[in-house]
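Quick note on numbering: the sequence shown equals residues 27 to 541 in the numbering used here. Written below as structure tokens is the structure these notes are about.
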Amino acid sequence: MTTVETTAAPSPETAPVRVIPHWIDGAEHPSTSGRTAPVYNPATGQVTAQVALADQAELDAAIASARAGFETWSGFSIAKRQAVMFAFRELLNARKRELAGIITSEHGKVVSDAMGEILRGQEVVELATGFPHLIKGAYSENVSTGIDVYSTKQPLGVVGIISPFNFPAMVPMWFFPIAIATGNAVVLKPSEKDPSAALWLAALWKEAGLPDGVFTVLQGDKLAVDGLLESPVVQSISFVGSTPIAQYIYETASKHGKRVQALGGAKNHMLVLPDADLDLVADQAVNAGYGAAGERCMAISVVLAVEPVADELIGKIQDRIAKLRIGNGAGVDGVEPDMGPLITGIHRAKVSEYVDIAEQDGAKIVVDGRFQVDGAEDGFFFGPTLIDDIPTTSRAYTEEIFGPVLSVVRVQSYDEGLDLINSGQFGNGTAIFTNDGGAARRFQNEVHVGMIGINVPIPVPVAYHSFGGWKKSLFGDAKAYGVHGFDFFTREKAITSRWLDPASHGGINLGFPQN
Ligand code: NAD
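As structure tokens, this is what we get:
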């Protein structure tokens with residue numbers, strides 16, 4: 027039986043009531059819209075704050091401030107911009123524990139996992155400090171007699187970032203370090219479910235010396251998002267979230283002439299060949315299936331077990347689940363549990379419904395997480411769930427659940443497993459577990475997925491490679507960070523130059539220029 031750890035919830039009378047503001051013009055900007063949404067501590071189920079939801083006037087103020095910020099910032103020399111980037115990196119590195127606490131209090135993930143997401147975001151900050159090398163452009167001398175061609179990379183202007191709840195620090199950091207380093211001004215619209223991390227990061231930029239208006243946080247919902255998509259001032263949109271919204275963002279922003287990065291949902295499969303080390307597989311399936319309560323776009327949600335290994339593997343996963351501790355991610359009596367709650371009560375109900383669907387469709391629920399946590403009934407906890415023999419026609423198999431639910435499908439061969447992965451609607455991440463190098467090589471070549479792990483369950487690329495899936499996990503072709511990120515946040519100019527001396531003047535010639 028899974029161990030469950032609890033803490034007493036604060037009473038509603040003592041819970042603080044505050045409205046989480048925007049960050050505009052280098053300072054907190056209280057909202058006057060009169061619109062708010064509740065922010066919860068998912069471990070207690072209590073409302074800890076309200077977040078402002080922008081109206082048109084606040085949207086206009088944010089964009090106007092960013093426009094002015096861009097004018098200032100894009101005039102800074104490369105050396106001065108680099109100094110600010112290094113200062114931000116140092117402050118973030120020194121103070122990341124504060125940020126981890128904020129993430130846990132609004133998202134629910136355990137503090138060490140919150141630290142993990144910050145470190146992965148910090149990688150992109152570190153990459154971005156080296157931006158001068160990546161925006162150098164190119165020079166070709168004497169392409170024709172006396173003529174040189176060279177290219178420069180310039181910032182876009184005001185750029186919009188719209189982020190999901192599940193990585194309130196890391197996902198914005200996939201984009202804004204590169205956007206800012208290359209001279210743009212950012213308007214970030216964080217998830218309304220955990221909006222405080224963005225404000226903390228904004229204050230850190232201020233401390234690092236970033237001019238006012240270069241990093242703006244606009245709290246809000248669809249109204250703020252649509253305003254960014256439609257504004258003629260905003261030059262690009264970087265979005266991460268669920269597939270239907272990613273598609274909407276891609277289509278709407280494109281229609282308004284913007285560049286778009288639009289990353290969507292996932293259903294990541296782990297293919298286990300019979301020669302794999304099953305203890306390694308069981309450890310990794312549990313880590314990647316239940317870490318952050320399954321609320322990761324790179325979580326493993328399906329194990330494809332090539333027979334005859336399924337029974338043994340399921341037994342090993344069950345043993346490990348029994349030892350997992352669930353509780354308040356901030357710790358219980360100074361001890362950190364393995365897994366925290368889900369983000370909201372509504373999401374918990376949705377995850378539960380998917381387990382009901384699997385059961386109705388004939389799957390076997392081997393470990394059932396549909397239980398209440400004694401003493402924390404109001405928290406949004408959902409236990410690790412293991413499902414066997416899930417029909418591949420079930421919605422619980424074909425759709426993204428985004429909770430701590432791991433399903434096993436028994437297949438007879440590598441080819442049967444590969445076909446299942448390739449026929450799915452998503453193509454974010456996948457993994458193969460085997461000791462057969464030839465099979466692994468075939469898999470990396472044949473699978474229709476953007477990010478592949480070989481004996482690695484969550485293959486999130488490092489900052490200098492780019493992140494992005496295939497199919498309904500990414501719309502368009504612009505990936506996050508790495509070289510794609512630098513290309514996305516800059517516009518190239520190609521200059522053809524000739525310095526004439528009177529003797530080489532060719533006179534009038536209406537023909538097409540030739541070399
Ligand atoms: P979401 O799509 O509900 O919300 C994402 C953002 O879009 C939020 O800022 C939200 O305010 C905004 N939004 C929501 N509905 C909108 C609407 N109708 N119109 C305009 N804007 C809207 O996603 P979420 O629940 O916050 O995050 C979880 C999802 O994100 C999962 O599907 C997960 O797979 C995905 N995700 C993908 C990646 C990736 O890299 N591919 C990474 C992290 C999360």
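Glycine included, every Cβ here is placed at the ideal spot set by N, Cα and C. Quick caveat, the model's predicted, so the values are computed rather than measured.
Does the Cβ of residue i have 16 or more other Cβ atoms within 10 Å, making it buried, or fewer, making it exposed?
i	result
residue 292	buried
residue 168	exposed
residue 521	exposed
residue 338	exposed
residue 103	exposed
residue 414	buried
residue 165	exposed
residue 299	buried
residue 364	buried
residue 161	buried
residue 467	exposed
residue 146	buried
residue 412	buried
residue 110	buried
residue 532	exposed
residue 310	buried
residue 139	buried
residue 261	buried
residue 536	exposed
residue 319	buried
residue 159	exposed
Does any heavy atom of the ligand NAD sit closer than 7 Å to the C-beta of residue i?
i	result
residue 427	no
residue 507	no
residue 218	yes
residue 192	yes
residue 185	no
residue 280	no
residue 271	yes
residue 291	yes
residue 129	no
residue 263	no
residue 497	no
residue 454	yes
residue 274	yes
residue 268	yes
residue 391	no
residue 162	no
residue 215	yes
residue 25	The structure shown has nothing for residue 25, since the chain only spans 27 to 541.
residue 376	no
residue 493	yes
residue 248	yes
residue 188	yes
So which of the options has the shortest CA-CA distance to residue i?
i	options	result
residue 237	152, 282 and 97	97
residue 321	194, 254 and 163	194
residue 356	180, 214 and 123	123
residue 221	146, 348 and 44	44
residue 513	527, 75 and 287	287
residue 115	150, 105, 397 and 427	150
residue 155	215, 268, 198 and 490	490
residue 439	317, 297, 501 and 403	297
residue 403	429, 376 and 353	353
residue 366	430, 418 and 393	430
residue 284	269, 274, 327 and 255	255
residue 152	131, 132, 484 and 118	118
residue 61	68, 46, 54 and 409	46
residue 313	350, 90 and 278	350
residue 395	423, 433 and 425	433
residue 330	206, 305 and 340	340
residue 343	245, 515, 327 and 305	305
residue 183	502, 210 and 80	210
My understanding is that residue i touches residue j, with C-beta atoms under 8 Å, so please give their C-beta distance in whole angstroms.
i	j	result
residue 212	residue 187	6 Å
residue 499	residue 452	5 Å
residue 208	residue 181	5 Å
residue 214	residue 175	Going by Cβ atoms, the distance from residue 214 to residue 175 rounds to 37 Å, so no, they are not a contact pair.
residue 509	residue 362	So it is not a contact: roughly 37 Å between Cβ atoms.
residue 420	residue 387	4 Å
residue 524	residue 172	5 Å
residue 397	residue 368	Contact flag wrong, Cβ pair sits at about 13 Å.
residue 477	residue 495	7 Å
Problem - Contained alpha helix (DSSP H) runs [length at least 4] in the region 410-494, N- to C-terminal order - result: 421-424, 440-449 and 463-472
Problem - Within the region 292-333, ranges of the alpha helix (DSSP H) (whole runs, at least 4 residues) - result: 304-316
Exercise for the section: Any chance you could list the alpha helix (DSSP H) runs of at least 4 consecutive residues sitting entirely within the region 179-238, in chain order? Expected result: 196-207 and 222-234
Handout entry: Length at least 4, wholly inside the region 370-414: the alpha helix (DSSP H) runs in chain order
Key = 371-386
Exercise for the section: Could you tell me which uninterrupted alpha helix (DSSP H) segments, each at least 4 residues in length, are contained entirely in the region 101-168, listed from first to last along the chain? Expected result: 104-133, 137-155 and 157-160
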